[in-house]
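Quick notes on the structure that follows.
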Amino acid sequence: MLSSDETYASLKGAWRLMLGKADGLRQLDLSADGFWNSFFAIVVAAPALIVGWVGLANEIGDPNAFAGRFSMLIRLATVDIGVWVLPLVGLALVAPRAGIGGRFVHYVVASNWASAIIAWLMLPAALIRLFLPSTNEFAVLASLLLFALSM
224 MLSSDETYAS
234 LKGAWRLMLG
244 KADGLRQLDL
254 SADGFWNSFF
264 AIVVAAPALI
274 VGWVGLANEI
284 GDPNAFAGRF
294 SMLIRLATVD
304 IGVWVLPLVG
314 LALVAPRAGI
324 GGRFVHYVVA
334 SNWASAIIAW
344 LMLPAALIRL
354 FLPSTNEFAV
364 LASLLLFALS
374 M
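Going by our numbering, the first residue of the sequence shown is number 224, and it counts up by one from there.
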């Protein structure tokens, strides 16, 4: 588990990169340990992701059946974690052949921490969907605005 200082430095570095500042890369740990530690970003993002999963599970699953909502929650979590990790596995397989093997670690570390930031940026829209399900259009608009902000 990373210390709060290391987590803060990684998030700050990813945020600087997202703002187009190249110095953000210097704040990321690009060592072998830093590569594996960057997957701690999933834990950092988990609370924000869980709010989104619960909101969607309530919306999609049977509201009267706990088992149906819980099953949907597990499926949503599996899909989100898969969408986070599987593209990185695919990139690991093609990176040496594509000539980007030397930058693979940089990409994974930066994208893991940036994904955690984006998960938290999307939290307001997830909270709207969770607590005000009848305002789905507003939640979609908030999601789009927050996504545009993250670009």
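Ideal Cβ placement from N, Cα and C applies to all residues, glycine included. As the structure is a prediction and not an experimental result, all values here were calculated from the model.
Thinking just about the alpha-carbon of each residue, which of the options is nearest to the one in residue i?
i: serine 226; options: Asp252, Asp246 and Arg239; result: Asp252
i: phenylalanine 263; options: Val332, Ala290 and Leu311; result: Val332
i: leucine 353; options: Leu279, Ala371, Trp238 and Asp246; result: Leu279
i: alanine 300; options: Ala271, Gly325, Ile351 and Gly313; result: Ala271
i: alanine 255; options: Leu316, Phe361, Gly325 and Asp228; result: Gly325
i: tryptophan 276; options: Trp259, Ala288, Ile304 and Gly322; result: Ile304
i: leucine 316; options: Trp307, Phe327 and Val306; result: Phe327
i: alanine 371; options: Tyr231, Asp228, Leu242 and Phe258; result: Leu242
In whole angstroms, what is the alpha-carbon distance linking residue i and residue j?
i: arginine 239; j: histidine 329; result: 14 Å
i: methionine 295; j: isoleucine 283; result: 8 Å
i: alanine 290; j: glycine 313; result: 33 Å
i: proline 356; j: asparagine 281; result: 9 Å
Can you tell me where the alpha helix (DSSP H) holding residue i begins and where it ends?
i: arginine 352; result: 346-354
Taking 8 Å as the limit between beta carbons, can you name the residues of its chain near residue i, skipping five residues before and five after?
i: glycine 236; result: Gly247, Leu248, Arg249, Gln250, Leu251, Ala333 and Trp336
Excluding sequence positions up to five away, which residues of its chain have a Cβ less than 6 Å from the Cβ of residue i?
i: alanine 342; result: Ala268, Ala271 and Leu272
i: serine 185; result: No answer is possible for residue 185: the residues shown for the chain start at 224 and end at 374.
Mind checking if residue i is an interface residue toward chain C, Cβ cutoff 8 Å exclusive?
i: leucine 353; result: Checking the listed chains, one finds no chain C in this structure; it contains a single protein chain.
Whose C-beta lies closer than 7 Å to the C-beta of residue i among residues of the same chain, with five residues either side of it excluded?
i: tryptophan 307; result: Ile265 and Ser338
i: valine 274; result: Leu346, Ala349, Leu350 and Leu353
i: phenylalanine 258; result: Val328, Val331 and Val332
Original post:
If you scan the segment 231-291 from start to end, which runs of the alpha helix (DSSP H) of 4 or more residues do you find wholly inside it?
Top reply: The qualifying runs are 255-260 and 264-283.
Original post:
Which runs of the alpha helix (DSSP H), 4 residues or longer, sit entirely within the segment 301-347?
Top reply: Whole alpha helix (DSSP H) segments, 4+ residues: 327-344.
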